[in-house]
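Novice: Okay, so the sequence shown: first residue is 2 according to the working numbering, each after it adds one.
The beta-carbon is built from N, C-alpha and C at its ideal position, and this holds for glycine as well.
Since this is a predicted model, take the numbers as computed values, not measurements.
This is the structure, below, for whatever I ask next.
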Amino acid sequence: MLKFFAVIAGVLSVGNGENMDNKELEKMINDMKAAGNGQPSKEFIDKLKASHVVVPALMPPDTDPEIIKRLLQNPGRELAIPDGVSPQPCLLENEQGDKLLAVFTSEREMQKNKEAPKFPITMRVAFEDCIKLIRKSDEILGAVINPFTHNMVFRVEENKASSQPQTVQVTVEQFHNLTRQRMEANYLPRTLFDKKEEAVMKLRDGRGEYLRLLYEDLYNTEIACPYAAEDFEVMSLNISDELLLMRISMPKLNLAERTCPCVFVGWNGKAQKVWYYAVVMEKGRNEVLHQLMEDGTSENLGRAPEEGSELTTIIDLIQGVRNEE
């Protein structure tokens with residue numbers, strides 16, 4: 002019988018999941034996702050199987066109310082699940098209808114999607130025990146690791162001696178495309194949101210050279226970064242004493258579906274606030290405006306404004322947000 006430990010959600014801040022040191026594992030996943038051009042190493046698989054992970058769960062509907070009451074008296078503390086109670090791990094379903102066990106490398110990863118439902122219980126369990134649980138189930142085909150960020154599927158097949166995470170062989174062209182998506186939708190905005198004024202000033206002053214250096218961070222593989230400083234155009238405008246607005250024309254090279262012809266960065270030095278808007282190319286070369294927020298969420302704002310009215314639209318959006326605060 003698997004031994005699970007649970008923490009009542011709601012008041013948990015740096016509880017059991019944060020005490021697990023999975024930063025090395027997360028770095029390995031990031032590197033693998035960035036490369037996207039090979040099978041995971043034996044070192045990675047061994048590290049994953051030796052790790053403890055966080056699994057969100059629900060209490061069965063027929064659980065004794067007294068047991069739930071006792072658990073609620075100790076929010077934020079790691080507690081052994083009482084005898085006779087079997088928490089039900091939360092499952093996710095993909096577009097093909099496959100049911101997958103939701104697994105997170107830390108509580109921090111689980112909290113990255115603010116729109117996701119709050120889980121009543123989180124369980125700390127060895128990943129090897131997750132594999133055993135999946136193998137015993139007729140309906141669960143595998144686990145999805147950090148579904149809010151890495152979204153890496155780990156399938157368990159009964160007839161194979163070992164289970165491995167799925168990876169996809171990609172061409173060099175696909176790799177460039179995926180790297181652009183990662184830069185424009187994650188790495189650039191995350192750098193700006195995390196470092197705030199430091200990153201904004203480097204972008205304003207360094208312009209294309211700063212963006213090229215950011216891309217070099219992502220091309221840490223045998224594939225060379227194809228972009229030069231002159232491939233970017235950064236226009237900086239002081240809209241007011243408080244608001245700085247930058248329009249970044251991204252490279253025409255490797256511009257494809259789900260990449261950005263341009264992005265906009267707003268900065269309020271007094272409030273230490275960053276705004277990030279991206280024009281995303283969709284099917285049929287239709288362009289849609291998205292806003293990415295500091296908490297990792299995004300909003301589709303509909304059809305991108307026509308050239309010539311872009312700056313006015315972005316300024317209105319920023320001022321609208323500021324007026325609501």
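Comparing C-alpha positions only, which one of G270, N255, C226, P262 sits nearest to K196?
Specialist: G270
Novice: Could you tell me the alpha carbon to alpha carbon distance between L219 and F149, rounded to whole angstroms?
Specialist: 20 Å
Novice: CB R213 to CB S237, shorter than 7 Å?
Specialist: Going by C-beta atoms, R213 is not nearer than 7 Å to S237.
Novice: Can the beta-carbon of F128 be found less than 7 Å from the beta-carbon of K50?
Specialist: yes
Novice: Residues in the same chain with beta-carbon distance under 7 Å from H151, minus the five sequence neighbours each way, listed in chain order, please.
Specialist: I30, K34
Novice: If we count the other Cβ atoms within 10 Å of its Cβ and call it buried at 16 or more, is S42 buried or exposed?
Specialist: exposed
Novice: CA-CA distance, E215 and V201?
Specialist: Note on residue identity: the sequence assigns Leu, not Glu, to residue 215. If you take the alpha carbons of L215 and V201, they lie about 13 Å apart.
Novice: Give the secondary structure of Y216 by DSSP, where H, G and I count as helix, E and B as strand, and everything else as coil.
Specialist: helix
Novice: Which whole runs of the beta strand (DSSP E) in the region 180–249 are 3 residues long or more, in chain order?
Specialist: 234–239
Novice: Assign P254 to one of two classes, buried (16 or more other C-beta atoms within 10 Å of its C-beta) or exposed (fewer than that).
Specialist: For the sequence presented, residue 254 should be read as Leu rather than Pro. Under this definition L254 is an exposed residue.
Novice: Across the region 185–199 and the region 129–144, are there enough close Cβ pairs to call them in contact, namely three or more that are closer than 8 Å?
Specialist: Short answer: they don't touch.
Novice: Based on Cα-Cα distance, which residue from R208, A103, Q112, I319 lies nearest to V145?
Specialist: A103
Novice: Assuming R248 and C263 are in contact, meaning their beta carbons sit under 8 Å apart, how far apart are those beta carbons, in whole angstroms?
Specialist: Indeed they touch by this definition, with Cβ atoms about 6 Å apart.
Novice: For L59, count neighbouring Cβ atoms within 10 angstroms of its own Cβ and tell me buried if that reaches 16, exposed if not.
Specialist: exposed
Novice: Along the chain, where does the beta strand (DSSP E) that runs through Q273 open and close?
Specialist: That residue, Q273, is in no beta strand (DSSP E); it is neither H nor E in DSSP.
Novice: Just tell me which of L142, A279, R304, E283 has its CA closest to the CA of Q292.
Specialist: A279
Novice: Could you please give me the residues that DSSP links to C263 through a beta bridge?
Specialist: S250, V280
Novice: Give me, in chain order, the residues of the same chain whose beta-carbon lies closer than 7 Å to that of L26; leave out the 5 immediate sequence neighbours on both sides.
Specialist: K48, L49, S52, T106
Novice: What are the start and end residues of the alpha helix (DSSP H) that includes Q112?
Specialist: Element bounds for Q112: n/a, residue is neither H nor E.
Novice: Would you please state the rounded distance, in angstroms, between the beta carbons of I315 and L246? I believe it to be under 8 Å.
Specialist: Their Cβ separation, rounded to whole angstroms, is 7 Å, which keeps I315 and L246 in contact under 8 Å.
Novice: Exposed or buried, what is E140 when buried is set at 16 or more other beta-carbons lying within 10 Å of its beta-carbon?
Specialist: exposed
Novice: Do R208 and V235 have their beta-carbon atoms positioned less than 7 Å apart in this structure?
Specialist: A contact, by the Cβ cut-off of 7 Å.
Novice: Any idea if T298 is buried or exposed, counting beta-carbon neighbours within 10 angstroms, 16 or more meaning buried?
Specialist: exposed
Novice: Cβ atoms of A230 and E210: under 7 Å apart, would you say?
Specialist: yes
Novice: With a CB to CB cut of under 8 Å and the five nearest residues on each side skipped, what residues in its chain are close to L142?
Specialist: D99, K100, L101, I135, R156, V157
Novice: Here's a check: name, in chain order, each residue in its chain whose Cβ is nearer than 7 Å to the Cβ of L302, leaving out the five neighbours to either side.
Specialist: Contacts found: L290, H291, Q292.
Novice: Work out the CA separation of W268 and D242 for me, nearest whole Å.
Specialist: 11 Å
Novice: Is DSSP giving N160 helix, strand or coil here?
Specialist: Bear in mind that the predicted position of N160 carries a pLDDT of just 38, short of 50, making it too unreliable to give a figure here.
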